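Written out as structure tokens, the structure is:
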């Protein structure tokens with residue numbers, strides 16, 4: 060087996076409700092050997108506290124009163140101090156070069172706010188990198204001298220952090236070849252950020268002002284045709300609630316009719332491709348993410364289109380992605396998250412992209428199959444059923460005829476028809492009446508096994524092995540119930556593995572523990 064290119068240290072693997080284990084990862088290139096500025100943090104719900112906890116479990120003091128770490132994720136690191144606390148402060152100040160924030164919800168950000176006063180002027184400001192909408196939220200709603208002191212170097216702040224506003228989809232002015240668009244994350248690692256959707260809300264990011272405004276305010280015209288693309292911050296103050304039941308024409312919630320009054324916007328999250336300079340290998344780390352099949356603005360397919368060729372070439376071997384709930388949850392209460400049936404549906408779309416990269420002729424043949432087998436099949440479904448998600452062959456066929464989804468890098472608003480096109484591109488919504496939406500539990504996968512089997516067979520015929528063989532999927536952001544009995548991760552893992560085996564995907568699933576070091 061090849062030498063690992065990455066080490067990922069899991070400081071916070073959960074999505075709450077405990078505050079001491081929410082999302083936070085450290086990533087480094089193994090070629091840097093713990094040198095200064097050789098680690099990047101991805102999200103910071105848990106940061107310094109997670110480092111202290113992990114060090115405490117593995118640190119000892121030798122006869123010369125020096126700290127020694129013989130095992131655990133920090134093994135081999137030369138520590139200058141005696142206690143876990145002092146050495147954790149050293150790691151935060153000297154070794155962690157920057158913090159990548161996927162989105163500004165507190166379970167991904169609170170540790171950064173609390174920890175930032177530890178930064179020393181002699182080390183310079185800590186870089187906080189994110190999409191502009193996330194930077195706006197942090198700047199205007201957290202580091203604003205109201206919720207928390209302005210510790211940034213903008214607007215007369217203390218200068219302990221500096222904001223780096225990332226270009227969505229990568230900055231083409233940086234890098235060459237396979238590294239084009241990537242920017243420096245820390246010594247030995249570069250990164251590229253893509254936006255993904257994380258539910259809906261009533262706050263919209265306005266790029267011209269760099270602020271968020273309530274949808275329908277004077278800043279935005281109440282246009283029933285225009286849909287926003289840059290948004291965040293949940294707001295249920297008026298008693299409305301999220302529902303992903305899709306209108307077949309607008310891609311909006313028919314249960315709460317957000318498209319009718321243009322009061323809904325998309326919560327923006329992101330996915331980071333992180334690339335090792337020494338080997339060219341990559342990993343993906345997702346923030347919170349919802350399935351394209353229920354999204355007001357589907358964006359996941361763009362990530363899979365980029366990831367597919369990398370998996371096919373062997374350069375991308377691991378992803379860290381949320382799966383917050385098990386399949387007992389219905390779609391109305393996902394609140395912008397994934398559960399096993401939706402994660403498997405997304406991975407099926409990824410599998411198609413891998414096979415297309417391995418066998419370029421697959422795309423053309425799928426288009427021919429579409430023209431031959433174009434008869435509608437609406438009568439095969441109950442009027443109260445949700446059409447099965449992410450059919451592999453259909454995703455392949457539609458992408459063949461329509462091409463890649465339109466980029467939203469510079470768009471402040473997204474036309475509804477644009478969103479509807481993307482919903483149709485790989486996913487299908489049925490004509491539900493208001494409130495007519497049924498979840499697809501694990502048992503329903505068997506009722507559709509004939510169709511799923513045909514699509515999988517079509518893919519497998521072009522692949523000598525399962526399409527996602529060699530890919531390891533690490534599940535993070537699981538919501539703990541704090542109840543007696545098995546941890547929710549056990550059922551989630553069982554459901555994922557069962558459905559992946561039925562779909563013949565070939566990837567492996569693991570749920571990392573807090574303080575675990577993962578080698579990729």
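Numbering (my numbering), first residue to last: 60 to 579.
Glycine included, every Cβ here is placed at the ideal spot set by N, Cα and C.
Please read all numbers here as calculations on a predicted model, not as lab measurements.
Beta carbon of residue i nearer than 8 Å to that of residue j
{"i": "residue 406", "j": "residue 564", "result": "yes"}
{"i": "residue 370", "j": "residue 527", "result": "yes"}
{"i": "residue 269", "j": "residue 387", "result": "no"}
{"i": "residue 534", "j": "residue 403", "result": "no"}
{"i": "residue 63", "j": "residue 89", "result": "yes"}
{"i": "residue 103", "j": "residue 67", "result": "no"}
{"i": "residue 84", "j": "residue 344", "result": "yes"}
{"i": "residue 249", "j": "residue 389", "result": "no"}
{"i": "residue 225", "j": "residue 189", "result": "yes"}
{"i": "residue 350", "j": "residue 397", "result": "yes"}
{"i": "residue 184", "j": "residue 161", "result": "no"}
{"i": "residue 257", "j": "residue 264", "result": "no"}
{"i": "residue 573", "j": "residue 71", "result": "yes"}
{"i": "residue 155", "j": "residue 100", "result": "yes"}
{"i": "residue 577", "j": "residue 73", "result": "no"}
{"i": "residue 540", "j": "residue 567", "result": "no"}
{"i": "residue 128", "j": "residue 134", "result": "yes"}
{"i": "residue 174", "j": "residue 152", "result": "no"}
Any non-hydrogen atom of the ligand FMN closer than 7 Å to residue i Cβ
{"i": "residue 330", "result": "Annotation note on the ligand FMN: not contained in the displayed structure, which lists no ligands."}
Limits of the unbroken beta strand (DSSP E) element including residue i
{"i": "residue 256", "result": "248-260"}
{"i": "residue 222", "result": "220-224"}
{"i": "residue 535", "result": "531-535"}
{"i": "residue 159", "result": "155-159"}
{"i": "residue 344", "result": "341-345"}
{"i": "residue 180", "result": "Segment: none, residue 180 is in no beta strand (DSSP E) and carries neither H nor E."}
{"i": "residue 140", "result": "Careful: residue 140 lies outside any beta strand (DSSP E) and carries neither H nor E."}
{"i": "residue 270", "result": "270-273"}
Three-way DSSP call (helix, strand, coil) for residue i in this model
{"i": "residue 378", "result": "strand"}
{"i": "residue 393", "result": "coil"}
{"i": "residue 175", "result": "helix"}
{"i": "residue 554", "result": "helix"}
{"i": "residue 96", "result": "coil"}
{"i": "residue 265", "result": "strand"}
{"i": "residue 240", "result": "strand"}
{"i": "residue 322", "result": "coil"}
{"i": "residue 167", "result": "helix"}
{"i": "residue 193", "result": "helix"}
{"i": "residue 523", "result": "coil"}
{"i": "residue 464", "result": "Annotation note: pLDDT 34 at residue 464 (below 50); position unreliable, coordinate value reported separately. Looking at residue 464 - three-state DSSP - the assignment turns out to be coil, as it is neither helix nor strand."}
{"i": "residue 355", "result": "coil"}
{"i": "residue 420", "result": "helix"}
{"i": "residue 542", "result": "coil"}
{"i": "residue 563", "result": "coil"}
{"i": "residue 415", "result": "helix"}
{"i": "residue 547", "result": "helix"}
{"i": "residue 152", "result": "helix"}
{"i": "residue 112", "result": "helix"}
{"i": "residue 217", "result": "coil"}
{"i": "residue 134", "result": "coil"}
{"i": "residue 573", "result": "coil"}
Opposing strand residues paired with residue i [DSSP bridges]
{"i": "residue 66", "result": "87, 578"}
{"i": "residue 207", "result": "202"}
{"i": "residue 580", "result": "One cannot answer for residue 580 here, as it falls past the ends of the chain, which runs 60 to 579."}
{"i": "residue 403", "result": "DSSP lists no partner for residue 403."}
{"i": "residue 118", "result": "128"}
{"i": "residue 568", "result": "532"}
{"i": "residue 330", "result": "253, 345"}
{"i": "residue 73", "result": "81, 537"}
{"i": "residue 103", "result": "83"}
{"i": "residue 187", "result": "158, 222"}
{"i": "residue 385", "result": "Answer is none; residue 385 lacks a bridge partner."}
{"i": "residue 230", "result": "240"}
Residue range of the unbroken alpha helix (DSSP H) whose run includes residue i
{"i": "residue 145", "result": "143-149"}
{"i": "residue 362", "result": "359-372"}
Proximal residues to residue i (C-beta, below 7 Å), its chain only, five neighbours per side dropped
{"i": "residue 79", "result": "105, 108"}
{"i": "residue 362", "result": "253, 255, 330"}
{"i": "residue 524", "result": "565"}
Close beta carbons around residue i, own chain, < 6 Å, minus the five adjacent residues each side
{"i": "residue 91", "result": "97, 246, 247"}
{"i": "residue 550", "result": "385"}
{"i": "residue 223", "result": "186, 188"}
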